[in-house]
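Everything below concerns the one structure shown next.
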Amino acid sequence: ETGVTQTPRHLVMGMTNKKSLKCEQHLGHNAMYWYKQSAKKPLELMFVYNFKEQTENNSVPSRFSPECPNSSHLFLHLHTLQPEDSALYLCASSQDWQARSQGTEAFFGQGTRLTVV
Amino acid sequence: AQSVTQLGSHVSVSEGALVLLRCNYSSSVPPYLFWYVQYPNQGLQLLLKYTTGATLVKGINGFEAEFKKSETSFHLTKPSAHMSDAAEYFCAVSQNTGFQKLVFGTGTRLLVSP
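If you read the protein sequences in the order shown, they are chains H and U. The first sequence begins at 1 in the working numbering and counts up one residue at a time. The second sequence begins at 1 in the working numbering and counts up one residue at a time.
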């Protein structure tokens, strides 16, 4: 049990579908993140939320839409995706900026394996 | 801008042999450095981290890493490989500038043979 739970674990969707990925953390953290892991590429940071506010969007296409209703939950809404969006999507959480002096690490979920057909 | 370079996308060792996974970083400010491990179909798990203080850091599962500022390196080692160590390993760097934003390397897959 990592403390960060992602659902579903696997998702196959067509390019015209709309789906959502869910992430929930039980660690009392205030910052949550979405990462994309593609084959042979470094993990790419997509979005950062701190205290429910989006603080970073790394030039992610608008077909990916994040939502953070509270500090424990994070969603990634998907629509009209492309085959190149197929990847492992990882959610992570960490303490907020006030703990930065401790070099706090991020805790990751197991990821959602997304396949776009 | 920060960056991480992991030399070797694959490293093969025999069970009982020394494990050495290389990581070099680039950072304009004192970095925080991390090693994460990813087992098949799993998320990332923290192995160890360097923030400040002692440059030799010990982590879980017998791994350790040494921060060498002069070489801008943070190589991961384990004296004796075990079959269960087979996984992908990621080096990451972050700045102490606020939120925890990790910049990852491309990963090194460790293969352990009997």
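Here a beta-carbon is modelled for each residue, glycine too, at the ideal position from N, C-alpha and C.
Thinking C-alpha only, which one of U/Tyr39, U/Ser70 and U/His75 is nearest U/Phe63?
Selected option, being the one with the closest Cα: U/His75.
Check the DSSP bridge columns for H/Pro66 and list the partner residues they point to.
Answer by DSSP bridge pairing, in chain order: H/Leu76.
So if DSSP puts U/Thr108 in a beta bridge, which residue, or which two residues, is it bridged to?
Note: U/Thr108 sits in a beta bridge opposite U/Tyr89.
Buried or exposed, going by whether 16 or more other CB atoms sit within 10 Å of the CB of H/Glu1?
Any answer about H/Glu1 is weak, because its pLDDT of 49 lies below 50 and its placement is not dependable; what the coordinates show is given next. With fewer than 16 Cβ atoms within 10 Å of its Cβ, H/Glu1 is classed as exposed.
Does U/Gln2 have its Cβ less than 8 Å from a Cβ in chain H?
No, its Cβ sits nowhere closer than 8 Å to a Cβ of chain H.
Shortest alpha-carbon distance to U/Cys91 belongs to which of U/Lys78, U/Gly105, U/Ala81 and U/Pro79?
The residue with the shortest Cα to Cα distance from U/Cys91 is U/Gly105.
Please list, in chain order, all residues of the same chain as H/Ser101 whose beta carbon is under 7 Å from its beta carbon, the five residues on each side excluded.
Low local confidence applies: a pLDDT of 49 at H/Ser101 is under 50, so the model's placement there is unreliable, with the coordinate-based value given in what follows. Nothing meets the Cβ criterion.
Relative to the C-alpha of U/Thr77, which residue among U/Arg22, U/Val4 and U/Glu15 is closest?
Among U/Arg22, U/Val4 and U/Glu15, the Cα nearest to that of U/Thr77 is on U/Arg22.
Tell me, please, whether the CB atom of H/Leu74 is closer than 8 Å to any CB atom in chain U?
Answer no: the Cβ-Cβ gap between H/Leu74 and chain U never drops below 8 Å.
Would you mind stating whether H/Lys19 and H/Met13 have Cβ atoms separated by less than 8 Å?
The answer is yes: Cβ separation under 8 Å.
At which residues does the beta strand (DSSP E) containing H/Ser93 begin and terminate?
H/Ser93 -> beta strand (DSSP E) spans Ala87 to Ser94.
Can you pull the chain U residues whose beta carbon is under 9 Å from the beta carbon of H/Gln54, in chain order?
What H/Gln54 touches in chain U: nothing, since even the nearest Cβ is about 12 Å away.
Check whether the Cβ atoms of H/Gln37 and H/Gly3 lie closer than 8 Å to each other.
Contact: no.
According to DSSP, is U/Pro80 helix, strand or coil?
The sequence shown places Ser at residue 80 of chain U, not Pro. Looking at U/Ser80 - three-state DSSP - the assignment turns out to be coil, as it is neither helix nor strand.
How long is the line joining the alpha carbons of U/Arg10 and U/Pro40, rounded to whole angstroms?
Looking at the sequence shown, residue 10 of chain U is not Arg but His. Cα to Cα, U/His10 sits roughly 15 Å from U/Pro40.
So that I know if they touch, is there some Cβ in chain C lying closer than 8 Å to that of H/Glu105?
Among the protein chains in the structure shown, which are H and U, there is no chain C.
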